[in-house]
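Numbering (this note's numbering), first residue to last: 32 to 455.
Encoded as structure tokens, the structure appears first; notes follow it.
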């Protein structure tokens with residue numbers, strides 16, 4: 032059997048680990064293009080990146096190269112560019128306009144308010160440079176985030192105008208990076224005449240509270256399949272993710288309401304093909320569900336959790352959709368009953384003094400073969416920027432499975448003790 036040629040755009044460490052698996056050998060030939068926005072030195076390409084030129088180059092190079100599918104799990108560049116390239120090459124893909132609207136945090140809120148006003152918080156937009164509190168369009172305190180960003184960059188609660196001004200004070204290099212992050216989205220959005228309010232703005236949102244979750248699924252020829260609900264647990268007193276747990280601990284009736292709302296929103300956005308994940312809050316006190324945001328891509332960090340519990344890996348479905356095949360989904364057939372993705376973070380400005388060597392990481396992975404471990408080493412200005420923009424430094428992610436909740440945490444503590452991280 033001839034392997035199917037799949038174009039994979041803007042891969043990350045989760046994609047690389049997945050596609051190196053033996054299950055894909057002989058079935059697919061993966062062709063990688065683009066760069067990892069969060070990996071040095073690849074992310075240096077950001078300074079020279081032009082989305083329009085990239086699309087033209089890829090379309091010209093692969094139009095007659097036998098490519099049968101285009102995929103990306105990348106939130107910032109990949110999802111929108113993969114949708115446009117698939118459209119240009121006449122391959123299955125997401126609707127580019129739906130992807131772009133979902134990724135524009137202000138117009139996404141406008142669309143959500145039209146579809147599900149009861150689940151949409153109050154919101155407004157304002158430019159990066161403001162002089163008066165009333166220019167924000169919303170009373171303090173509120174949650175602020177960029178119109179276009181990724182990985183919660185510059186997203187946080189601000190209680191007053193002074194906090195907001197301090198939050199939006201940048202050095203020249205930070206300003207340059209922000210401009211380079213925004214430009215591809217503005218270019219591709221303007222090409223389709225979509226956004227009078229471009230990505231040089233921020234969104235202020237009414238502060239939500241409650242249990243945070245992610246509902247994930249996919250659409251195939253207009254038919255929506257839900258993959259279930261993942262709980263998001265924060266570090267106490269912060270909005271920084273501590274872990275993600277699957278399956279959710281919320282009552283099944285609440286999960287069903289969340290899935291129904293997600294289907295309503297996904298349909299309203301015009302998604303007809305591809306993966307999506309929708310982040311939601313459930314307020315136990317009021318029994319209300321609110322939309323946080325809509326992401327038009329596969330949640331790559333959760334794929335391994337679903338395989339551990341369900342015996343089904345969403346990456347397989349992603350590839351099926353890319354080549355126009357209906358995915359086959361199973362539930363509850365995995366090795367474990369519970370799985371979690373633990374996020375190891377350091378708050379404040381502590382310096383990483385010691386990290387595991389490559390040999391030590393290989394030893395840990397060999398002792399815990401079903402664990403999925405990702406390590407993120409940052410130093411100097413890069414570390415300072417992450418702490419400033421995100422409020423903490425994420426230095427590792429560890430995915431594990433177990434038959435019960437106590438055993439899951441026992442495994443986490445056992446493995447994490449084997450990782451010699453040391454902070455000054």
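All C-beta atoms, glycine included, are put in the ideal place defined by N, C-alpha and C.
Residue span of the beta strand (DSSP E) that contains residue i, given as start and end
| i | result |
| --- | --- |
| residue 293 | Not the beta strand (DSSP E): residue 293 falls in the alpha helix (DSSP H), residues 283-299. |
| residue 323 | 319-326 |
| residue 120 | No beta strand (DSSP E) contains residue 120, which is instead part of the alpha helix (DSSP H) from 109-120. |
| residue 310 | 305-314 |
| residue 370 | 369-378 |
| residue 273 | 272-277 |
| residue 245 | 242-251 |
| residue 165 | No beta strand (DSSP E) holds residue 165; DSSP gives it neither H nor E. |
| residue 385 | 383-385 |
| residue 149 | Here residue 149 belongs to no beta strand (DSSP E), and DSSP marks it neither H nor E. |
| residue 62 | 59-64 |
| residue 188 | 187-189 |
| residue 35 | 35-40 |
Alpha-carbon to alpha-carbon, residue j and residue i
| i | j | result |
| --- | --- | --- |
| residue 232 | residue 156 | 7 Å |
| residue 226 | residue 106 | 19 Å |
| residue 172 | residue 164 | 11 Å |
| residue 312 | residue 92 | 44 Å |
| residue 354 | residue 85 | 22 Å |
| residue 318 | residue 257 | 22 Å |
| residue 248 | residue 327 | 10 Å |
| residue 408 | residue 221 | 36 Å |
| residue 253 | residue 245 | 21 Å |
| residue 118 | residue 42 | 20 Å |
| residue 444 | residue 45 | 22 Å |
| residue 392 | residue 339 | 21 Å |
| residue 352 | residue 218 | 27 Å |
| residue 320 | residue 314 | 6 Å |
| residue 274 | residue 336 | 12 Å |
| residue 200 | residue 89 | 37 Å |
| residue 26 | residue 259 | Residue 26 falls outside the range modelled here, since the chain spans only 32 to 455, and no answer is possible. |
| residue 294 | residue 288 | 10 Å |
| residue 441 | residue 341 | 22 Å |
| residue 190 | residue 212 | 26 Å |
| residue 132 | residue 299 | 11 Å |
| residue 303 | residue 423 | 37 Å |
| residue 188 | residue 401 | 37 Å |
Sequence-distant residues of the same chain with beta carbon closer than 7 Å to residue i, five excluded per side
| i | result |
| --- | --- |
| residue 280 | 262 |
| residue 74 | 66, 67 and 68 |
| residue 215 | 80, 82 and 108 |
| residue 94 | 120 |
| residue 285 | 313 |
| residue 451 | 385, 387 and 391 |
Short CB-CB distance (under 7 Å) between residue i and chain C
| i | result |
| --- | --- |
| residue 129 | Considering every chain present, this structure includes no chain C. It has just one protein chain. |
Endpoints, alpha helix (DSSP H) assigned at residue i
| i | result |
| --- | --- |
| residue 46 | 44-50 |
| residue 141 | 136-146 |
| residue 264 | Per DSSP, residue 264 belongs to no alpha helix (DSSP H); it is in the beta strand (DSSP E), 254-265. |
| residue 179 | Element bounds for residue 179: n/a, residue is neither H nor E. |
| residue 229 | Where residue 229 is concerned, there is no enclosing alpha helix (DSSP H), given that its DSSP letter is neither H nor E. |
| residue 347 | 345-353 |
| residue 334 | 331-341 |
| residue 439 | 436-448 |
Nonlocal neighbours in the same chain, by C-beta distance under 6 Å from residue i, ignoring five residues either side
| i | result |
| --- | --- |
| residue 346 | 49 and 334 |
| residue 144 | 151 |
| residue 114 | 124, 125, 127 and 130 |
| residue 229 | 217 |
| residue 177 | 185 and 233 |
| residue 62 | 38 |
| residue 432 | 339, 367 and 370 |
| residue 301 | 126 and 129 |
Proximity below 7 Å, CB of residue i to CB of residue j
| i | j | result |
| --- | --- | --- |
| residue 255 | residue 174 | no |
| residue 59 | residue 35 | yes |
| residue 453 | residue 384 | yes |
| residue 389 | residue 406 | no |
| residue 329 | residue 306 | yes |
| residue 40 | residue 98 | no |
| residue 146 | residue 325 | no |
| residue 272 | residue 141 | no |
| residue 430 | residue 403 | yes |
| residue 361 | residue 399 | no |
| residue 349 | residue 161 | no |
heavy atom of the ligand SAH below 6 Å from residue i C-beta
| i | result |
| --- | --- |
| residue 92 | With respect to small molecules bound, the structure shown includes none, and the ligand SAH cannot be examined in it. |
Spatial neighbours of residue i in its chain, beta-carbon cut-off 8 Å, leaving aside the 5 residues before and after
| i | result |
| --- | --- |
| residue 57 | 32 and 34 |
Mind listing, in chain order, the continuous alpha helix (DSSP H) runs of no fewer than 4 residues lying wholly within the segment 67-101? 82-93
For a minimum of 3 consecutive residues, which ranges assigned as the beta strand (DSSP E) are wholly contained in the segment 197-226? none
For a minimum of 4 consecutive residues, which ranges assigned as the alpha helix (DSSP H) are wholly contained in the segment 390-429? 411-421
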